[in-house]
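Novice:
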Amino acid sequence: VDKITVEVIRNYLITIADEMKKVIERTSMSPIIYEVLDFSTGVFTRESKLIGQAAGLTMFLGTLDLAVEATLRKFGADGLHPGDLIITNDPYDGGGTHLNDVVTISPIFYQGKLAAFSAVRAHWIDLGGKVPFSQMSDATEIFQEGLVFPVVKLYDRGVLNQALYDVILSNVRIPASVGGDLQSQVAACRIAERRITELLDKYGVDTFDAAVAQILANSEVQIREAIRQIPDGVYAAEDFADAAGPGGDPIRVAVEVRVDGDEITFDFTGTDAATASSFNQGWGALLSCCRAMLKCITTPQDPTNDGSFRALHVVAPEGCCLNVKRPSPVCMYGELGMHVMDAIWKALAPVLPDKLPAGHYSTVAAQGLAGYDTGTSPASFFMFGGPNGGGWGAGKDWDGENALICLGDGDTRNTPMEVIEAKYPIQVLRYALIPDSGGAGEFRGGLGLEVVYRMLRGDALSAVFVSGRCKFPAFGLFDGNEGLRSAIFITRDGEQGPCTCQAAGLPLQVGDEISVIAGGGGGWGDPSKRDPERLRRDVELGYVTEEAAREIYEGLGTGD
Numbered sequence: 011v012d013k014i015t016v017e018v019i020r021n022y023l024i025t026i027a028d029e030m031k032k033v034i035e036r037t038s039m040s041p042i043i044y045e046v047l048d049f050s051t052g053v054f055t056r057e058s059k060l061i062g063q064a065a066g067l068t069m070f071l072g073t074l075d076l077a078v079e080a081t082l083r084k085f086g087a088d089g090l091h092p093g094d095l096i097i098t099n100d101p102y103d104g105g106g107t108h109l110n111d112v113v114t115i116s117p118i119f120y121q122g123k124l125a126a127f128s129a130v131r132a133h134w135i136d137l138g139g140k141v142p143f144s145q146m147s148d149a150t151e152i153f154q155e156g157l158v159f160p161v162v163k164l165y166d167r168g169v170l171n172q173a174l175y176d177v178i179l180s181n182v183r184i185p186a187s188v189g190g191d192l193q194s195q196v197a198a199c200r201i202a203e204r205r206i207t208e209l210l211d212k213y214g215v216d217t218f219d220a221a222v223a224q225i226l227a228n229s230e231v232q233i234r235e236a237i238r239q240i241p242d243g244v245y246a247a248e249d250f251a252d253a254a255g256p257g258g259d260p261i262r263v264a265v266e267v268r269v270d271g272d273e274i275t276f277d278f279t280g281t282d283a284a285t286a287s288s289f290n291q292g293w294g295a296l297l298s299c300c301r302a303m304l305k306c307i308t309t310p311q312d313p314t315n316d317g318s319f320r321a322l323h324v325v326a327p328e329g330c331c332l333n334v335k336r337p338s339p340v341c342m343y344g345e346l347g348m349h350v351m352d353a354i355w356k357a358l359a360p361v362l363p364d365k366l367p368a369g370h371y372s373t374v375a376a377q378g379l380a381g382y383d384t385g386t387s388p389a390s391f392f393m394f395g396g397p398n399g400g401g402w403g404a405g406k407d408w409d410g411e412n413a414l415i416c417l418g419d420g421d422t423r424n425t426p427m428e429v430i431e432a433k434y435p436i437q438v439l440r441y442a443l444i445p446d447s448g449g450a451g452e453f454r455g456g457l458g459l460e461v462v463y464r465m466l467r468g469d470a471l472s473a474v475f476v477s478g479r480c481k482f483p484a485f486g487l488f489d490g491n492e493g494l495r496s497a498i499f500i501t502r503d504g505e506q507g508p509c510t511c512q513a514a515g516l517p518l519q520v521g522d523e524i525s526v527i528a529g530g531g532g533g534w535g536d537p538s539k540r541d542p543e544r545l546r547r548d549v550e551l552g553y554v555t556e557e558a559a560r561e562i563y564e565g566l567g568t569g570d
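Residue numbers (the numbering used here): 11 to 570.
#1: Between the Cα of isoleucine 206 and those of Ile61, Gly66, Asp249, spot the shortest distance and give me the residue it belongs to.
#2: How should leucine 67 be labelled, buried or exposed, when 16 other C-beta atoms within 10 angstroms of its C-beta is the threshold for buried?
#3: Go to lysine 123, then tell me how far its alpha helix (DSSP H) extends in each direction, as first and last residue.
#4: At the level of alpha carbons, what is the spacing between proline 117 and aspartate 421?
#5: Look at the Cβ atom of glycine 400, then the Cβ atom of glycine 552, and state whether they are nearer than 8 angstroms.
#6: Indicate whether proline 367 and glycine 403 have their beta-carbon atoms separated by less than 8 angstroms.
#7: Aspartate 12 by DSSP, collapsed to three states: which one?
#8: If you follow the beta strand (DSSP E) that proline 435 is in, where does it begin and where does it stop?
#9: Report the option in Ser180, Thr107, Leu210 whose CA atom is closest to the CA atom of alanine 295.
#10: With 16 as the cutoff for other CB atoms within 10 Å, does leucine 109 come out buried or exposed?
#11: Grouping DSSP H, G and I as helix and E and B as strand, with all else coil, what is serine 38?
#12: Go through its chain and collect everything with a Cβ distance to isoleucine 201's Cβ below 7 angstroms, but skip five positions before and after it.
#13: For alanine 473, which of Lys305, Val141, Lys356, Gln195 has the nearest alpha-carbon?
#14: Could you tell me which of Gly515, Tyr563, Leu346 sits nearest to glutamate 452, measuring between CA atoms?
#15: Mind listing, in chain order, the continuous alpha helix (DSSP H) runs of no fewer than 4 residues lying wholly within the segment 101-186?
#16: Less than 8 angstroms between the CB atoms is what I'm expecting for leucine 297 and glycine 52, so what's the real figure, rounded?
#17: Starting from threonine 308, trace the beta strand (DSSP E) both ways and give me its first and last residue.
#18: Find out if the Cβ-Cβ distance for the pair isoleucine 152, serine 187 is shorter than 8 angstroms.
#19: Within 10 angstroms of the Cβ of alanine 460, are there 16 or more other Cβ atoms? Answer buried if so, exposed if not.
#20: Looking at proline 160: is its Cβ nearer than 8 angstroms to the Cβ of threonine 98?
#21: Report the partner residues of histidine 323 according to the DSSP bridge assignment.
#22: How many angstroms separate the CA atom of phenylalanine 70 from the CA atom of arginine 560?
#23: Measuring CB to CB, does glycine 571 end up less than 8 angstroms from proline 435?
#24: Sort out for me which residues DSSP pairs glutamine 232 with in a bridge.
#25: Could you check whether cysteine 331 and threonine 384 sit closer than 8 angstroms to each other, using their CB atoms as the reference points?
#26: Do glutamine 377 and isoleucine 498 have their CB atoms nearer than 8 angstroms?
#27: Is alanine 8 near proline 339, with beta carbons less than 8 angstroms apart?
#28: Can you tell me which of the three DSSP states alanine 286 falls into?
#29: Report the residue ranges of all alpha helix (DSSP H) runs contained in full by the segment 380-437; include only those spanning at least 4 residues, in chain order.
#30: Mind checking who glutamate 60 pairs with in its DSSP beta bridge?
#31: Could you check if lysine 539 is buried or exposed, using at least 16 other CB atoms within 10 Å of its CB as the buried criterion?
#32: Taking 7 angstroms as the line, does the beta carbon of lysine 140 fall inside it for any heavy atom of the ligand ZN?
#33: What would DSSP say about glutamine 224, mapped onto helix, strand or coil?
#34: Do leucine 471 and methionine 465 have their CB atoms nearer than 8 angstroms?
#35: With H, G and I counted as helix, E and B as strand and the rest as coil, what does DSSP make of arginine 301?
#36: Over the uninterrupted alpha helix (DSSP H) stretch that includes tyrosine 343, give me the two end residues.
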């Protein structure tokens, strides 16, 4: 196939995934999806190889193809038919992450033969379980976390499995929103079917297959060439998650990165065993974190497909917290995954200073607030949740970014304040950068963010908190300082309670103020070497207080 045709088809496939993304944004019912964008879309070969994916969550980068692969493994090509739509969230055998992240998969047929797949993974705001949001750190088995969908057909030859659909809606706390989100995923898969059919009508199956093979081969060549630019060697590091549930011990994530020519291996031998809490990962989630870091250090500007990962090898002992088996809970896979990426980051940062800055706040720093809104008649159940941006690390010649979403969440966004106050009995009192939260250095870490919510009214109010790096802050590099730790506090009747970074079903009262602090990024280099003009500008902007300028930076640039 000529190069122009290959490029046209490559971009067409990405455009299909982008259109799927737009369908989700326009038709979903929950702000966690249409505002925060906690979902991803992709198209795949008939063999389950990723060929086009929209920009989205970093931690979804390497899992959709595993769900498609699981579909083929269960049904086989002969067991799939036009109009079928498969649903799964199985973190063990279905390429899942945690239960809230539900995948819909559509086999695409052309002239009676299986030609491709489309798939969507989206975070459902609730999936049952013991607390609203189905988010908890203290589960002891996955059954406490919500509904588990094996790889099962929701539509069979275009006919809805009404019994399964009814079971789903009967086991979630806000069925109208969840049902709408599910149908949004179905619509996105169907639009991909239409677009793939149009593409095959234009070029034919043979040209399409040949072009796809070339697209994947090109990506493999590019990624291998990028790996060759990393010095051969063995690089080791470790990182620690705060705790395996409230009051638990820190969790050690150990990695050995081996670079050998155009091949790279991430080996997690030495990582702690599976925890008796939700701080665990299945194989698919671990693979996704590793794929994301590979892209970060090689070809982050290029689109992602199956060819991007052919030079990557991942090792994790079965039974460690990064490769658990049924029925280990996995709700906090994302928080643990951030430490997987940070461990790789730490290992390679000294040899890739142009690509890897100091550590960032690396947590979703999320709150979930729920209850019955007594301002409606009858009182209606509400659920508001989402991540908050924090500080990113400084690099060898740049300051860190302020209040940016964490690496694991990629292109997700915060929920706009206007949406929160219009939809929920919640007032946003504060949304501000935190002075002195960025790690000091020759180049300063990015500032963290504080968001304060007040509960205005309601019955049976409760909170879920998911935040990390409350004990182990973002790391500095080359004598740069650590960033500010993350934290979550509840202030009741004017008295601030203890830091509570992990909570599930925590009772709230009307008037409570919830302060979510997303920490700062690490600094780069000796603070005493900071350019005085940069420091003076920091003080003028309120990024650094005069006290910190004098004490930490030895008074550089404060002058008169």
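By construction, the Cβ of each residue, glycine as well, lies at the ideal position given by its N, Cα and C atoms.
Specialist: So, to answer that:
#1: Counted from its first residue, the sequence shown places residue 206 at position 196. Of Ile61, Gly66, Asp249, the residue nearest in Cα terms is Ile61.
#2: Your numbering for residue 67 matches position 57 in the sequence shown. So leucine 67 ends up on the buried side.
#3: The residue labelled residue 123 in the question sits at position 113 within the sequence shown. Premise fails: lysine 123 lies in the beta strand (DSSP E), 123-133, not in any alpha helix (DSSP H).
#4: Along the sequence shown, read from residue 1 onward, the residue named residue 117 stands at position 107. Along the sequence shown, read from residue 1 onward, the residue named residue 421 stands at position 411. Spanning the two alpha carbons is a distance of roughly 27 angstroms.
#5: Position 390 of the sequence shown, counted from the start, is the residue given in the question as residue 400. Position 542 of the sequence shown, counted from the start, is the residue given in the question as residue 552. No. Outside cutoff.
#6: Here residue 367 is taken as the residue at index 357 of the sequence shown, counted from 1. Here residue 403 is taken as the residue at index 393 of the sequence shown, counted from 1. Their beta carbons are under 8 angstroms apart, which means proline 367 touches glycine 403 by this criterion.
#7: One-based indexing of the sequence shown puts residue 12 at position 2. Of the three classes helix, strand and coil, the one that applies to aspartate 12 here is coil, per DSSP.
#8: Along the sequence shown, one-based indexing puts residue 435 at 425. Premise fails: proline 435 is in no beta strand (DSSP E) and is neither H nor E.
#9: Mapped onto the sequence shown, residue 295 falls at position 285. Nearest C-alpha to alanine 295: Thr107.
#10: To locate residue 109, count along the sequence shown from 1; it is residue 99. Classification of leucine 109: buried, given that the 10 Å Cβ count is 16 or more.
#11: Stepping through the sequence shown from its first residue, residue 38 is reached at position 28. The answer is coil: DSSP assigns serine 38 none of H, G, I, E or B.
#12: Locating residue 201 in the sequence shown gives position 191, counting from the first residue. Cβ neighbours of isoleucine 201 beyond the five flanking positions: Glu29, Met30, Val33.
#13: Reading the sequence shown from its first residue, position 463 is the one you call residue 473. For alanine 473, the nearest C-alpha among the options comes from Val141.
#14: Your numbering for residue 452 matches position 442 in the sequence shown. It is Tyr563 whose Cα lies nearest to the Cα of glutamate 452.
#15: 172-180
#16: On the sequence shown, position 287 is the one that residue 297 refers to. On the sequence shown, position 42 is the one that residue 52 refers to. So it is not a contact: roughly 15 angstroms between Cβ atoms.
#17: Here residue 308 corresponds to residue number 298 of the sequence shown, with the count starting at 1. Here threonine 308 belongs to no beta strand (DSSP E), and DSSP marks it neither H nor E.
#18: Indexing the sequence shown from 1 puts residue 152 at position 142. Indexing the sequence shown from 1 puts residue 187 at position 177. Against a cut-off of 8 angstroms, the Cβ pair of serine 187 and isoleucine 152 comes out as no contact.
#19: Here residue 460 is taken as the residue at index 450 of the sequence shown, counted from 1. The sequence as given places glutamate at residue 460; alanine does not occur at that position. Looking at its Cβ environment, which holds 16 or more other Cβ atoms inside 10 Å, glutamate 460 is buried.
#20: Position 150 of the sequence shown holds residue 160. Position 88 of the sequence shown holds residue 98. Taking 8 angstroms as the Cβ cut-off, proline 160 and threonine 98 qualify as a contacting pair.
#21: Within the sequence shown, the letter at position 313 stands for residue 323. The partner list for histidine 323 (beta bridge, DSSP) reads Thr275.
#22: Counted from its first residue, the sequence shown places residue 70 at position 60. Counted from its first residue, the sequence shown places residue 560 at position 550. Answer to the nearest angstrom: the Cα atoms are 44 angstroms apart.
#23: Given that the chain is displayed from residue 11 to residue 570, the structure contains no residue 571 and the question cannot be resolved.
#24: Taking the first residue of the sequence shown as position 1, residue 232 is located at position 222. Per DSSP, none; premise fails for glutamine 232.
#25: Locating residue 384 in the sequence shown gives position 374, where the first residue counts as 1. Locating residue 331 in the sequence shown gives position 321, where the first residue counts as 1. No, these two residues do not count as a Cβ contact at 8 angstroms.
#26: As a first step, residue 377 must be located in the sequence shown, where it is residue number 367. As a first step, residue 498 must be located in the sequence shown, where it is residue number 488. Yes, the Cβ-Cβ distance between glutamine 377 and isoleucine 498 is below 8 angstroms.
#27: Residue 8 cannot be examined here, being either before or after the span of the chain that is shown, 11 to 570.
#28: Taking the sequence shown and counting its residues from 1, one reaches residue 286 at position 276. DSSP places alanine 286 in coil when its eight states are reduced to three.
#29: 427-433
#30: Indexing the sequence shown from 1 puts residue 60 at position 50. Here residue 60 is leucine; the residue named in the question, glutamate, does not match the sequence. For leucine 60, which the question treats as bridged, DSSP gives the partners Phe54.
#31: In the sequence shown, the residue the question calls residue 539 occupies position 529. Exposed is the call here.
#32: Ligands are entirely absent from the displayed structure, and the ligand ZN is therefore not among its contents.
#33: Taking the sequence shown and counting its residues from 1, the one referred to as residue 224 is at position 214. In the structure shown, glutamine 224 sits in a helix (DSSP, three-state: H, G or I).
#34: For this step, residue 471 is matched to residue 461 along the sequence shown. For this step, residue 465 is matched to residue 455 along the sequence shown. Yes, the Cβ-Cβ distance between leucine 471 and methionine 465 is below 8 angstroms.
#35: Within the sequence shown, residue 301 is the residue found at index 291, counting from 1. The answer is helix: DSSP assigns arginine 301 an H, G or I state.
#36: Along the sequence shown, one-based indexing puts residue 343 at 333. Residues 343-358.
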